[in-house]
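K.L.:
Heads up: take any position in the sequence shown, counting from 1, add 96, and you land on my numbering.
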Amino acid sequence: MPLSTLDGDVGSEAKPISPVLALLLSWAALAVAFAVTSWLIDGLEVSGGVGGYIWVSAIFGLVNAIIGTILRIFTLPLMLLTLGLFSVIVNAILLSITDALSSHLTIDDFFWTAIWAAIVLALVTVVLQIVLGSVLGRRQAAH
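1) Roughly how many angstroms lie between the CA atoms of Gly104 and Gly139, to the nearest whole one?
2) Please go through the stretch 149-193 and give each complete alpha helix (DSSP H) segment of 4 or more residues, from N-terminal end onward.
3) Considering only the alpha carbon of each residue, which of Ile215, Val159, Met175, Leu232 lies closest to Val132?
4) From Leu228 to Ala118, what does the alpha carbon distance come to, in whole angstroms?
5) Enumerate in chain order the residues of its own chain whose CB-to-CB distance from Val152 is below 7 angstroms, with the five nearest sequence positions on each side excluded.
6) Where does Ser122 land, buried or exposed, given buried means 16+ other C-beta within 10 angstroms?
7) Under three-state DSSP, which class holds Ile215?
8) Hey, could you find the ends of the beta strand (DSSP E) Thr202 is sitting in?
9) To the nearest angstrom, report how far apart Ile189 and Leu217 are at their CA atoms.
10) Identify which residue in Tyr149, Ile211, Ile162, Ile150 has its Cα closest to the Cα of Phe182.
Quick look at the structure:
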């Protein structure tokens with residue numbers, strides 16, 4: 097469920113949440129996803145505590161929105177040919193770019209660390225978005 101709408105009671109219309117709140121919640125979910133990923137993957141390290149996770153997630157969000165869009169357009173034939181699996185490589189490249197732009201993120205090896213980190217980060221982010229959407233949906237339905 098996207099964070100932009102929340103379902104209320106059965107038979108009622110979906111109640112939209114503020115776009116700013118949706119952005120902040122997605123940003124927080126990405127910061128938590130970076131924390132979980134750095135805990136699970138040995139070669140990926142985020143320094144600076146909570147502020148470091150927030151900073152890295154902000155940089156990654158901007159890199160993903162700007163450079164990621166361009167990379168996905170240029171690699172569309174490879175995405176189609178590999179049935180979307182090439183997106184893991186694109187996400188690993190975006191993580192490496194984020195590593196180059198931020199002193200708080202350290203990735204020791206592109207081939208294994210960045211690729212595994214891209215996979216884990218994507219999975220954790222999806223799970224957190226689903227959990228966050230369902231929790232907010234239940235809270236909104238109680239009102």
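Just so it is clear, CB atoms sit at the ideal spot from N, CA and C, and this is done for glycine as well.
Just so it is clear, the structure is predicted and the values come from calculations on it, not from any experiment.
P.N.:
Let me lay it out:
1) A caution first: Gly104 carries a pLDDT of 48, below 50, which makes its placement in the model unreliable, though a value can still be read off. Whole-angstrom Cα-Cα distance: 43 angstroms.
2) 165-170, 172-177
3) Ile215
4) 10 angstroms
5) Phe130, Val142, Thr194, Ser198, His200, Leu201
6) Classification of Ser122: buried, given that the 10 Å Cβ count is 16 or more.
7) helix
8) 201-203
9) 13 angstroms
10) Ile211
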